[in-house]
Each structure stands twice: as C-alpha cells, then as structure tokens.
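Worksheet: one structure, shown below.
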Amino acid sequence: MKKIALFAGFSLLTLHNTYAQGFFYRLGIGYAIPQAGQTMDGTAIPYNGTMNNAGTGSSATVSYDLKKASFSSGINGTVGVGYLFNEHVGIDVALCGMLGAQKYSFYENNIAVNNIASNVEITQHASCTLFTPSLLMQTNGKINLYTRVGVAVPIKTRIYQDQIVTNLPGTGAIEADDFYSEIKNSFNLGFSGAAGVNFKVNRRFNVYAEASFLSLAVFAKESDLKEVYVNGQGGYLQYVSANQRKIVYSDNFTATSGDNFHQPTYAQPFSNMSFNVGLYYSLHTSHGATKKAESHSSRR
C-alpha cells in the first residue's frame with residue numbers, strides 16, 4: 007500500500023510539473039488609440055488638425071484645431087510564443103505590427119508659399135513593427151488573470167508623408183504639387199505591458215482579452231524625398247537636385263544660413279493604449295489531464 011501511495015504521489019507531481027511548465031503560442035488582433043500623443047512636430051507645425059490664417063499684417067488671425075496623434079494607432083496584429091517556468095511565472099516574446107495604420111492630416115489654409123496664397127495639406131502614416139519580450143505572471147485556472155511587463159524594441163518605425171501644396175494664383179489655374187517623402191527614425195527602446203484574462207476552451211486552447219499599453223518615442227533621423235507629383239502626375243522628382251532630396255536631423259549640429267537640409271531632430275510619438283483579443287495554444291498538459299490522472303491513481 008505504501009508503494010502504491012508513493013507511486014501515486016510521484017505520478018501526480020510529475021503531471022503537475024508537466025502542466026506548470028511548457029511552451030505556448032498566441033495570436034491576437036486589436037485596436038490602438040493614442041496615449042499621451044503629441045500634436046506638434048519640431049518646427050512647431052501641428053501635423054494632426056487644422057490651422058487657418060485669416061487676414062494679413064497686424065489684422066491677421068490664426069485659429070488652430072489640434073488633435074492627439076500616435077503613429078502606432080490603428081489595427082494591429084500580434085504573433086507570440088512563451089514559456090511557463092511554473093504555473094504562475096513565465097516569459098512571453100512577440101512581434102507586433104500594424105495591419106491598418108491610422109492616417110493623420112494637417113491642413114494649413116491661406117498662407118503664402120513663394121508669395122502666392124496657398125493651401126497646404128500634410129498627410130502621414132507609419133509602418134511599425136515591434137519586438138516585445140516580457141515577463142508573464144498569472145493566477146492560473148480555468149479563468150486566468152495575467153499581466154505582462156517588458157520592453158519594446160523597434161524593428162521598423164518608418165513614416166510616410168505627402169505634403170500637398172495647392173496654389174491659388176488668382177488666374178483660375180490651380181496647381182497641386184505633392185511631395186512624397188519617407189522619414190527614417192533613430193533607434194530607441196520603449197516599454198510595454200498588458201493586463202487581461204484568458205478562458206480555457208479545452209486542454210490546448212484558450213481565448214483571451216486584454217488591455218495593453220506602449221510607451222515609445224523615436225527621433226527623426228532622415229527624410230528622403232521619393233517622388234514629386236504635379237496635378238496627380240508623377241515623374242517630377244528628376245527636376246529636384248540630388249542634394250535637395252534629403253533632410254538630415256540631428257541633436258548636435260550648427261545651422262548655417264540658407265541650409266534647410268540640416269535640422270534639429272524631434273520626437274515621433276508611438277505610444278498607445280490598445281484593446282486586444284486572441285487565441286492561446288498550449289503545449290503543456292491541461293487541468294483535465296491532471297484530474298484524470300488523480301482519478302486513475304485513486305482507483306488503483
């Protein structure tokens with residue numbers, strides 16, 4: 007009887023450890039909104055909202071309508087893998103990317119461009135991919151509360167910009183010039199975290215719902231002019247000299263008169279608050295297997 011009891015205890019301990027340790031995979035989708043997003047870039051021009059200039063000289067008035075912005079806002083997807091060291095603690099590593107990035111527009115109306123009254127529209131959106139290694143802590147059980155805390159490593163944070171200048175020369179001929187640029191950013195670590203709950207569907211599958219946050223700002227490094235369109239027709243980049251197609255941003259440089267192609271860097275906001283749902287697939291044994299083993303041992 008003592009040998010049987012020892013064998014049963016060993017079996018339960020082995021099965022419990024099998025449950026407590028093991029790999030899992032997760033797949034999720036969510037929607038992110040700006041969190042502590044900025045509204046103005048380094049040149050003090052708002053890039054999400056409207057500026058309207060009325061009048062000239064001392065009677066001129068300027069009105070603003072600014073909104074929060076974050077280049078990681080919109081529909082996002084996550085693919086992750088994790089490992090549980092025991093039933094309460096593990097690690098989680100994931101790749102998070104934008105599936106439908108939110109676009110931001112800034113309108114500047116009735117301003118002088120080359121001494122001609124013009125309207126300016128700037129539209130921006132980003133391509134963002136992050137690597138997020140995290141510490142995972144959970145309560146365990148059929149309804150499982152969990153939290154993740156870790157860092158956000160930017161793999162790709164590119165911003166694509168259309169700057170459209172519409173001239174109104176008063177002759178009836180309206181010309182729209184579209185300058186399409188790609189902005190590259192410097193590397194900078196951020197922080198990420200989440201709190202949520204997952205529900206056990208069966209031995210292997212869980213569904214989860216969570217709220218996550220991302221705190222990340224990267225600094226503009228370089229802006230490259232990729233194409234110029236006039237009234238919707240491309241091919242005008244050839245008329246821009248090579249040394250005028252690139253702007254280099256830096257936090258340590260000396261400005262010289264007439265040099266507009268070296269400018270101070272500025273922060274690009276990527277912080278967000280996201281609401282996500284998804285699916286876990288576990289490789290470790292579930293509670294059901296443990297209970298089955300307990301029942302089998304007791305019958306013996």
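Those letters in the sequence shown? Residues 7 to 306, by this note's numbering.
All C-beta atoms in this analysis are idealised placements derived from N, C-alpha and C, irrespective of residue type, glycine included.
Does residue i pass the burial test, meaning 16 or more other C-beta atoms within 10 Å, or should it be called exposed?
| i | result |
| --- | --- |
| methionine 104 | buried |
| asparagine 245 | Residue 245 is actually tyrosine in this sequence, not asparagine. Exposed, because fewer than 16 other Cβ atoms sit within 10 Å of the Cβ of tyrosine 245. |
| serine 301 | Here serine 301 scores only 48 on pLDDT, less than 50, and its place in the model should not be relied on; the value that follows carries that caveat. Classification for serine 301: exposed. |
| arginine 154 | buried |
| aspartate 98 | buried |
| serine 187 | buried |
| isoleucine 128 | buried |
| glutamine 239 | exposed |
| tyrosine 110 | buried |
| phenylalanine 276 | buried |
| alanine 75 | buried |
| alanine 132 | buried |
| isoleucine 189 | buried |
| alanine 158 | buried |
| glycine 43 | buried |
| tyrosine 255 | buried |
| valine 224 | buried |
| glutamine 250 | exposed |
If you reduce the DSSP assignment to three classes, tell me which class residue i lands in.
| i | result |
| --- | --- |
| glutamate 300 | Reliability of the predicted coordinates at glutamate 300 is poor, the pLDDT of 45 falling under 50, and no value is obtained from them. |
| glutamine 108 | coil |
| alanine 248 | helix |
| leucine 33 | strand |
Alpha carbon to alpha carbon, how far is residue j from residue i? Give it in angstroms, no decimals.
| i | j | result |
| --- | --- | --- |
| asparagine 125 | asparagine 237 | 14 Å |
| glycine 96 | glycine 199 | 14 Å |
| lysine 252 | alanine 226 | 13 Å |
| leucine 285 | asparagine 121 | 58 Å |
| valine 87 | tyrosine 242 | 47 Å |
| threonine 296 | lysine 206 | The pLDDT assigned to threonine 296 is 44, lower than 50, so where the model puts this residue is not dependable, and the model offers no usable value. |
| glycine 34 | valine 68 | 44 Å |
| valine 234 | isoleucine 170 | 10 Å |
| threonine 138 | asparagine 92 | 21 Å |
| leucine 151 | leucine 72 | 38 Å |
| alanine 182 | glutamine 108 | 24 Å |
| phenylalanine 197 | glycine 264 | 40 Å |
| leucine 101 | alanine 123 | 47 Å |
| arginine 209 | glycine 147 | 12 Å |
| phenylalanine 112 | asparagine 59 | 14 Å |
| asparagine 258 | phenylalanine 29 | 46 Å |
| isoleucine 81 | threonine 262 | 42 Å |
| valine 203 | methionine 279 | 17 Å |
| serine 140 | tyrosine 89 | 11 Å |
| phenylalanine 185 | threonine 172 | 12 Å |
| threonine 163 | cysteine 134 | 5 Å |
| tyrosine 25 | histidine 94 | Here the model assigns tyrosine 25 a pLDDT of 43, short of 50, so the residue's position is not dependable and the matter cannot be decided. |
| alanine 118 | isoleucine 161 | 39 Å |
| isoleucine 39 | serine 221 | 12 Å |
| tyrosine 272 | isoleucine 149 | 44 Å |
| asparagine 116 | tyrosine 31 | 54 Å |
| leucine 231 | asparagine 191 | 15 Å |
Per DSSP, residue i is paired with what?
| i | result |
| --- | --- |
| glycine 199 | Val155, Phe219 |
| asparagine 58 | Ser69, Asn115 |
| glutamate 228 | Lys190, Val254 |
| glutamine 167 | Gln130, Ser187 |
| glutamine 264 | Before going on, a small fix: residue 264 reads as glycine here, not glutamine. None, per the DSSP bridge assignment. |
| lysine 206 | Asn212 |
| tyrosine 53 | The partner list for tyrosine 53 (beta bridge, DSSP) is empty, contrary to what the question assumes. |
| leucine 101 | Val85, Phe137 |
| glycine 28 | Leu90 |
Looking at the unbroken beta strand (DSSP E) that takes in residue i, where does it start and where does it end?
| i | result |
| --- | --- |
| methionine 143 | 122-144 |
| serine 288 | 278-288 |
| glutamate 188 | 181-191 |
| tyrosine 89 | 80-90 |
| histidine 268 | 268-270 |
| alanine 273 | 273-275 |
With hydrogens ignored, establish whether the beta-carbon of residue i is closer than 7 Å to any heavy atom of the ligand ATP.
| i | result |
| --- | --- |
| leucine 243 | Although the ligand ATP was asked about, the structure shown includes no ligands whatsoever. |
Is the CB of residue i under 8 Å away from at least one CB in chain B?
| i | result |
| --- | --- |
| phenylalanine 91 | Any reference to chain B falls outside this structure, which holds one protein chain only. |
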